[in-house]
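**Student:** Protein chains in written order, with my numbering: chain A, 1 to 300; chain B, 301 to 828. Cβ atoms here follow ideal geometry from the backbone N, Cα and C, with glycine treated the same way. Note that the structure is predicted; figures quoted are calculated from it, not measured. Quick one: this structure, given as structure tokens, is what I'll be asking you about.
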């Protein structure tokens, strides 16, 4: 039902310059993912280790060592260097420290910890090699957390007014032309985390990194009608269109394709079911966007 | 003796394919039988004076050869040829991260393949090589500058140009000016300062270094709140620059300030990030600057090629510099002194409030990244990106692969001293274009809409055959009438153009070479 309705959301009449495309091919890797997607809600998955390596992301530190190192750091170091090691009263930032970045398992920070830096007011800390290695693991984990934006947590996303969002949904946004809170959107807030939901209502693309599973259902197919100069016409689901050709599957599943320059007078009408989403991108204020999200979050 | 040499000597036509280095005088001429530097010549116009292939015969273009770059596996992305090959004495030299090749420019047959054992770094792309005499230079993701013998691909030396541990990496095509190898650095994950270095072509030794950030007390330091922010301020030198031999100035665009999306700890314009700078290539001294994006918070590097050409502006003949910048604005400057002449958007955006008296688009603070997200156009990918633009002196048009896009920018580090990126953006939607800009007015003369299924990453080439070569986002490579934008020829190569197309003439035939994914395709006209 949704599909049939959505087709009317946008109609593009194109001649030789037919270029409206559905989201058919993968986009560049999105800056998404994260180690702990919320339970039961769909979030884009993290990238596989071989990709992370090519993106220069170091393998994670041993979590047990990081946990031990965190305690050591908070007890002994945080007073001067801050609890997140980004610097504090008197102690320098250790996350953007060249010495720490060059450290491996405590080989660079060890001498500093053991001997102190008396001229800068840092006392000696008598620690075992194991304790030093744990602090090193904690600091490298902090560096990774800071330097790997794929691991960033987006928080406090839902700030809008749900009532204003509902008014926009049924008013200026005309979202209810295609969508219904009791129909296709029933329980939508349970399906996605807030960031994914905000992305999907703006534009419900489903592709993610090549080879990774898609997030959410695919958008309704793009419909196309091709009319030849003879008057004969074909309609169906768009397979591909560019400046040179158009192709479709008709209702019986048959494939058809045409070269535009070999068919003078060819008319290509593309019904992009997501055209209303694209049009709204240019109209939303940030407040509108936040309000719509807040409203969708009530649809549990 | 290599089998290749054997074949060459056995050939009926005794053609010298190997053994000749680059005559540096060719760097000062139009690229015809040689493509001696990243952009073909120093101007960055990517304009070939060759005219054998023209608007009348381009529909007869035929495939001359294909070369597939095989890296030997292990690369999740597969080899992506983003480098523009150099062509010297009948041999093409190009790269992907950690790999360099020499390929016969007439036949597409491999002469050698060099592989670097990587210690890490970001492997998103490599822009290619620089050549000095018999020596080739390229950068690796793990921060090395490698010098190879162009005859056999044997390594002569390697030297570190950045610190991998600080999250730098290296991807730029080195530019040779006299005996200076100009090398830039990449990386903006952990708040490191950008710089450009000049290295000795014989030894790799440092000759000079220009730092993106000034030192405390120097001009420009007043655009940072404190020394710590300035010393972590970013401004990578991601792309090759351009050069005016008469003025002896090297023009370079610099990258975004860091932390990338969280500007709270670096209030001010953040010079010389996201700036076009003019440097003396003998000393590295700054002559002038212009900043397309003061205090950027959206990752819109201003590294796009500063294209040099002479032309009329307001009725006066001038030495010009033009950049279609990642922030969506087209800038024209007087390249003798950096005087601002024109600022015009080349795509719709929603982030700037006004153009200030100095010609700089000033950001709308409401469009800075926020914890609950701001909807911004363009996305962090920008209104254009690294793929090289082109300028044709025949049409007076500046051509650019452009992107209209929306993305939600989230601030993730809400502290007073953010570190790293401090935020992320989530792409919503984008649409790709090829646009022709009249440099005198900034008006869009013509535009092609390629649709919204990908990202416009095609480099461009214009020629004296009155042609413009481009890719779309549907795997087509095409020739357009450079004046009207009419598409005259195309071929579906099954993947998108991934580099800047280039052209050269050998044995009386003009070749057109384009990188598409892991392959180079060469086209020429059929022989009579």
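1) Which residue marks the beginning of the alpha helix (DSSP H) containing residue 341(A), and which one marks its end?
2) Taking the beta strand (DSSP E) that residue 577(B) falls in, what are its first and last residues?
3) Short of 7 Å Cβ to Cβ, which residues in the stretch 703-737 of chain B face chain A?
4) Could you check the C-alpha separation between residue 679(B) and residue 648(B) for me, to the nearest Å?
5) How far does the alpha helix (DSSP H) with residue 794(B) in it extend, from its first residue to its last?
6) Establish whether the CB of residue 146(A) and some CB of chain B are separated by less than 8 Å.
7) Spell out whether any CB of chain A is found under 8 Å from the CB atom of residue 511(B).
8) For residue 224(A), decide whether its Cβ has a neighbour in chain B, counting only Cβ atoms nearer than 8 Å.
9) Just checking my contact of residue 811(B) with residue 824(B) at CB under 8 Å: how many whole Å lie between their CB atoms?
10) So what's residue 4(A) in DSSP terms, helix, strand or just coil?
11) Would you mind stating whether residue 444(B) and residue 460(B) have Cβ atoms separated by less than 8 Å?
12) Quick one: grab the DSSP three-state call for residue 703(B).
13) Go ahead and pull the three-state DSSP assignment for residue 236(A).
14) So, does the CB of residue 198(A) fall closer than 8 Å to a CB anywhere in chain B?
15) Using the beta-carbon of each residue, which ones in chain A are nearer than 9 Å to residue 490(B)?
16) For a quick check, are the C-beta atoms of residue 85(A) and residue 142(A) less than 8 Å apart?
17) Among 118(A), 242(A) and 61(A), which one has its Cα closest to the Cα of residue 260(A)?
18) For residue 809(B), which beta-bridge partners are listed by DSSP?
19) Work out the CA separation of residue 137(A) and residue 71(A) for me, nearest whole Å.
20) For the stretch 277-300 of chain A, enumerate the residues whose C-beta is nearer than 7 Å to any C-beta of chain B, in chain order.
21) For residue 556(B), is the classification buried or exposed, using 16 other Cβ atoms within 10 angstroms of its Cβ as the cut-off for buried?
22) Kindly say whether residue 153(A), judged by its beta-carbon, lies nearer than 8 Å to any beta-carbon of chain B.
23) Count the C-beta pairs between the stretch 687-704 of chain B and the stretch 346-353 of chain B that are closer than 8 Å, then say yes if the count reaches three, no if not.
24) Please list, in chain order, all residues of the same chain as residue 134(A) whose beta carbon is under 7 Å from its beta carbon, the five residues on each side excluded.
25) Please confirm whether residue 794(B) has its beta-carbon closer than 8 Å to some beta-carbon of chain A.
26) Should residue 90(A) and residue 293(A) be called a contact, given that it needs their Cβ atoms to be closer than 8 Å?
27) Short of 7 Å in beta carbon distance, which residues of its chain neighbour residue 798(B), apart from the five on each side in sequence? Order them along the chain.
28) Quick one: is residue 339(B) near chain A, going by C-beta distance under 8 Å?
29) Check residue 530(B) in the structure and name its three-state DSSP category.
30) Cα separation between residue 530(B) and residue 521(B)?
31) In the DSSP output, what is residue 177(A) paired with across the bridge?
32) 8 Å is my cut-off, CB to CB: does residue 774(B) come that close to chain A?
33) Decide yes or no for the touch test of the stretch 700-720 of chain B against the stretch 733-745 of chain B: beta carbon pairs closer than 8 Å, at least 3 of them.
34) Does the Cβ-Cβ distance between residue 535(B) and residue 501(B) come in under 8 Å?
35) Which of the residues in the stretch 427-448 of chain B, read from start to end, lie with their CB under 7 Å from any CB of chain A?
36) Can you list, in chain order, the residues of its chain with a C-beta nearer than 8 Å to that of residue 359(B)? Leave out the 5 residues immediately preceding and following it.
**Tutor:** Well, looking at it:
1) The structure shown does not extend to residue 341(A), since chain A is modelled only from 1 through 300, so no value can be given for it.
2) In the second chain, the residue the question calls residue 577(B) occupies position 277. Taken as a continuous stretch (DSSP letters only), the beta strand (DSSP E) holding residue 577(B) covers 576-579.
3) 706, 708, 710, 712, 717, 719, 720, 721, 724, 725, 726, 727, 728 and 729
4) Position 379 of the second chain holds residue 679(B). Position 348 of the second chain holds residue 648(B). Using only the alpha carbons, I get a separation of about 12 Å.
5) As a working mapping, residue 794(B) is identified with position 494 in the second chain. Taken as a continuous stretch (DSSP letters only), residue 794(B) belongs to no alpha helix (DSSP H), as it is neither H nor E.
6) Sequence index remark: in the first chain, residue 146(A) carries index 146 (1-based). Output row for residue 146(A): interface = yes.
7) Against the second chain, residue 511(B) aligns to sequence position 211. Closer than 8 Å: no.
8) Translated into the one-based positions of the first chain, residue 224(A) becomes position 224. Closer than 8 Å: no.
9) Here residue 811(B) corresponds to residue number 511 of the second chain, with the count starting at 1. Here residue 824(B) corresponds to residue number 524 of the second chain, with the count starting at 1. Confirmed, Cβ separation roughly 5 Å.
10) Reading the first chain from its first residue, position 4 is the one you call residue 4(A). Per-residue confidence for residue 4(A) stands at a pLDDT of 30, beneath the threshold of 50, marking its modelled position as unreliable; no derived number is given.
11) By 1-based counting over the second chain, the position of residue 444(B) is 144. By 1-based counting over the second chain, the position of residue 460(B) is 160. Yes. Within cutoff.
12) Here residue 703(B) refers to the residue found at position 403 of the second chain. Three-state result, residue 703(B): strand.
13) Within the first chain, numbered from 1, the residue matching residue 236(A) stands at position 236. Note: residue 236(A) maps to strand in three-state DSSP.
14) In the first chain, residue 198(A) corresponds to position 198, counting from 1. Cβ-Cβ to chain B under 8 Å: yes for residue 198(A).
15) Reading the second chain from its first residue, position 190 is the one you call residue 490(B). The contacting residues are 95, 96, 101, 143, 146 and 147.
16) The sequence position of residue 85(A) within the first chain is 85, counting from 1. The sequence position of residue 142(A) within the first chain is 142, counting from 1. Yes, they are a contact pair.
17) One-based indexing of the first chain puts residue 260(A) at position 260. Among 118(A), 242(A) and 61(A), the Cα nearest to that of residue 260(A) is on 242(A).
18) Counted from its first residue, the second chain places residue 809(B) at position 509. Beta-bridge partners assigned by DSSP to residue 809(B): 806(B).
19) Within the first chain, residue 71(A) is the residue found at index 71, counting from 1. Within the first chain, residue 137(A) is the residue found at index 137, counting from 1. One Cα belongs to residue 71(A), the other to residue 137(A), and the distance between them is close to 12 Å.
20) 278, 281, 284, 286, 289 and 290
21) Counted from its first residue, the second chain places residue 556(B) at position 256. Counting Cβ neighbours within 10 Å, residue 556(B) comes out buried, since at least 16 surround it.
22) Along the first chain, one-based indexing puts residue 153(A) at 153. Taking Cβ atoms only, chain B reaches closer than 8 Å to residue 153(A), which makes this a yes.
23) yes
24) On the first chain, position 134 is the one that residue 134(A) refers to. Result list for residue 134(A): 65, 68, 69 and 72, in chain order.
25) Mapped onto the second chain, residue 794(B) falls at position 494. No, residue 794(B) does not count as interfacial toward chain A.
26) Looking up residue 90(A) in the first chain gives position 90. Looking up residue 293(A) in the first chain gives position 293. No, Cβ-Cβ distance for residue 90(A) and residue 293(A) is not below 8 Å.
27) Numbered from its first residue, the second chain carries residue 798(B) at position 498. Contacts found: 380, 381, 382, 757, 815, 816 and 817.
28) Translated into the one-based positions of the second chain, residue 339(B) becomes position 39. No, because no Cβ of chain A sits closer than 8 Å to the Cβ of residue 339(B).
29) Taking the second chain and counting its residues from 1, one reaches residue 530(B) at position 230. Correct three-state label for residue 530(B): helix.
30) As a position in the second chain, residue 530(B) is number 230, starting the count at 1. As a position in the second chain, residue 521(B) is number 221, starting the count at 1. If you take the alpha carbons of residue 530(B) and residue 521(B), they lie about 8 Å apart.
31) Taking the first chain and counting its residues from 1, one reaches residue 177(A) at position 177. Answer is none; residue 177(A) lacks a bridge partner.
32) Against the second chain, residue 774(B) aligns to sequence position 474. Yes, residue 774(B) lies at the interface with chain A (some Cβ there is under 8 Å from its Cβ).
33) Touching, per the Cβ criterion.
34) The sequence position of residue 535(B) within the second chain is 235, counting from 1. The sequence position of residue 501(B) within the second chain is 201, counting from 1. No. Outside cutoff.
35) none
36) Here residue 359(B) refers to the residue found at position 59 when the second chain is read from its first residue. 788 and 789.
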